[in-house]
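Counted the way the working numbering counts, the sequence shown spans residues 782 to 1122. Cβ atoms here follow ideal geometry from the backbone N, Cα and C, with glycine treated the same way. Here the structure is laid out as structure tokens; the discussion comes afterwards.
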Amino acid sequence: MKNITLGKTGITSLQNGFSTLPLQGEDLETSVTMLRKAHDGGMTFFDTARSYANSEVKIGIAFDGIRDEVTIASKTMADTPGKFKADLESTLRNLRTDHVDIYQFHFMTQCYRPGDCTGMYEAMEQAKKEGKILHIGAAAHKISVAEEIVASGLYETLNFPFSYLASERDINLVKLCEERGVGFIASKGLAGGLLTNAAACMAFMTQYNVLPVWGIQTPSELYEWLEFMDNVPSMTKEIEEIIASDKEELAGDFCRGCGNCMPCTVNIQINQCARMMQIMRRTPKEIYSGEYWRKEMERVDRCIDCGMCKRKCPYELDVPSLLRKNLSEYREVIAGRKTIE
């Protein structure tokens, strides 16, 4: 497996990173064990965030005593310098460290700059001056914002969704980062769980100068990614056909499950309900046909078209329409009037 250098940061890692987002739902013992096994298997780059529940705490416990053997990136959704400082102090305490290798503004909807009257970029600069962070990063989901971030020359890394469903514009963003010396951290490499062929996902990433951080949730998933350390999948004709098939089905207006639209004003689980049929086509139908998800899907009828989700969606999707489309098809499947192909 090849090494990736994250732009001008000088940070290097095998092209196989770990996103702790899914560990929010795992117990402490299982999570810590998985993190340690990931490190033992050769993973050195771990991405987390203040908003990932207790994931920072789990990283702190897992790597206590071997902090210098791993690279840790975290994120803050703070929107004032005061909240930024509080978040960073919490992050350092949770991680049991005196510094974060890369600290990123999370879910950026604007490119913070010095002198923009927010004080946010200055807060990053001060933290870096104090040695509490080593590199300033950005995490965005909206491509126009990501492009502005890279063009600004102010950020050392960009965390952005990238999978084999990527558009030409997404691929050009990767190339722009390489040209500008900005490290590209590829999140959502499984498109929020909609892509299930790990080999195809990995083979795609090897074509680009990006560091994927996989959302690993179970020990079996971890072992699959660790196997790629010694046996990296190549882009075969079979994998090309898998990618082409998935792109034909999923390209365009589909929910990536990023959750930026949440919370819903009437408590709909938008990031699941708006892509329910895509999920059901890729997982055992029984998981999502039980009482719990039936009730959650029925919440879609509560939608009041307030427009909040549409305004917050980084992909500019017509979210209420997606919700209603999924609910209609879901009802057909549950009633037995339609089968899932």
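Practice task
Assign residue 1085 to buried or exposed, taking buried as 16 or more other Cβ atoms, counted over all protein chains shown, within 10 Å of its Cβ.
Solution key: exposed
Practice task
Determine the burial state of residue 1004: buried for a count of at least 16 other Cβ atoms within 10 Å of its Cβ, exposed for fewer.
Solution key: exposed
Practice task
Since I believe residue 1059 is in contact with residue 946 (beta carbons under 8 Å), could you give me their beta-carbon distance rounded to a whole number of angstroms?
Solution key: That belief does not hold up - the Cβ atoms of residue 946 and residue 1059 are roughly 11 Å apart, past 8 Å.
Exercise for the section: Please state if the CB of residue 1081 and the CB of residue 1098 are separated by a distance shorter than 8 Å. Expected result: no
Practice task
Please confirm if the segment 834-849 is in contact with the segment 870-889, defined as three or more CB-CB distances below 8 Å between the two stretches.
Solution key: Three or more Cβ pairs drawn from the segment 834-849 and the segment 870-889 lie within less than 8 Å of each other, which places the two stretches in contact.
Exercise for the section: Counting only the same chain and skipping the five closest in sequence on each side, list residues whose C-beta sits under 8 Å from that of residue 1121. Expected result: 1058, 1061, 1062, 1066 and 1114
Practice task
Counting only the same chain and skipping the five closest in sequence on each side, list residues whose C-beta sits under 8 Å from that of residue 1054.
Solution key: 1077, 1078, 1080, 1081, 1104, 1107 and 1108
Handout entry: Identity of the residues DSSP links to residue 802 by a beta bridge
Key = Note: residue 802 sits in no beta bridge, so no partner.
Practice task
Output yes or no for whether 8 Å exceeds the beta carbon distance between residue 916 and residue 882.
Solution key: yes
Practice task
Spell out a yes or no on whether the segment 849-865 and the segment 1014-1032 are touching, meaning 3 or more CB-CB pairs, one atom from each, closer than 8 Å.
Solution key: no
Handout entry: Completely contained alpha helix (DSSP H) runs for the segment 1010-1086, where each covers 4 or more residues
Key = 1018-1031, 1051-1054, 1057-1061, 1066-1069 and 1072-1079
Exercise for the section: Excluding the 5 residues preceding and the 5 following residue 843 in the sequence, name in chain order all residues of the same chain whose CB lies nearer than 7 Å to its CB. Expected result: 813, 816 and 817
Problem - Host beta strand (DSSP E) of residue 886 (start-end) - result: 881-886
Practice task
State buried or exposed for residue 1038, treating a residue as buried only when at least 16 other CB atoms are found within 10 Å of its CB.
Solution key: buried
Practice task
Assign residue 797 to buried or exposed, taking buried as 16 or more other Cβ atoms, counted over all protein chains shown, within 10 Å of its Cβ.
Solution key: Counting Cβ neighbours within 10 Å, residue 797 comes out buried, since at least 16 surround it.
Handout entry: residue 993, enclosing beta strand (DSSP E) - first and last residue
Key = 992-996
Problem - Backbone secondary structure at residue 825 - three-state DSSP - result: Residue state, collapsed to three classes: coil.
Problem - Nonlocal neighbours in the same chain, by C-beta distance under 7 Å from residue 858, ignoring five residues either side - result: 831, 832, 887 and 888
Handout entry: 6 Å Cβ shell around residue 998 - same chain, five flanking residues per side excluded
Key = 803
Exercise for the section: Would you mind stating whether residue 990 and residue 959 have Cβ atoms separated by less than 8 Å? Expected result: yes
Practice task
If I'm right that residue 980 touches residue 1024 with Cβ under 8 Å, what's the distance once you round it to whole angstroms?
Solution key: With a Cβ gap of about 11 Å, residue 980 and residue 1024 do not count as contacting.
Handout entry: Unbroken alpha helix (DSSP H) run spanning residue 932, endpoints
Key = 924-933
Handout entry: Chain-order list of residues whose beta-carbon lies under 8 Å from that of residue 1089 (same chain, five-residue window excluded)
Key = So the qualifying residues of the chain are 1042, 1045 and 1046.
Practice task
For residue 912, I'd like the list of residues in its chain whose CB is within less than 7 Å of its CB, leaving aside the five on either flank, ordered along the chain.
Solution key: 880
Problem - Option nearest residue 1102 by Cα separation, candidates 1036, 924, 1095 and 786 - result: 1036
Exercise for the section: Taking 8 Å as the cut-off, decide whether the C-beta atoms of residue 995 and residue 800 are in contact. Expected result: yes
Handout entry: Which listed residue (955, 806, 824 and 819) has its alpha carbon closest to that of residue 794
Key = 824
Practice task
Measure the C-alpha to C-alpha separation of residue 928 and residue 820 and round it to an integer number of angstroms.
Solution key: 33 Å
Handout entry: Straight-line gap, residue 892 to residue 941 (C-alpha atoms, nearest Å)
Key = 14 Å
Practice task
Could you please give the first and the last residue of the uninterrupted alpha helix (DSSP H) stretch that includes residue 953?
Solution key: 949-961
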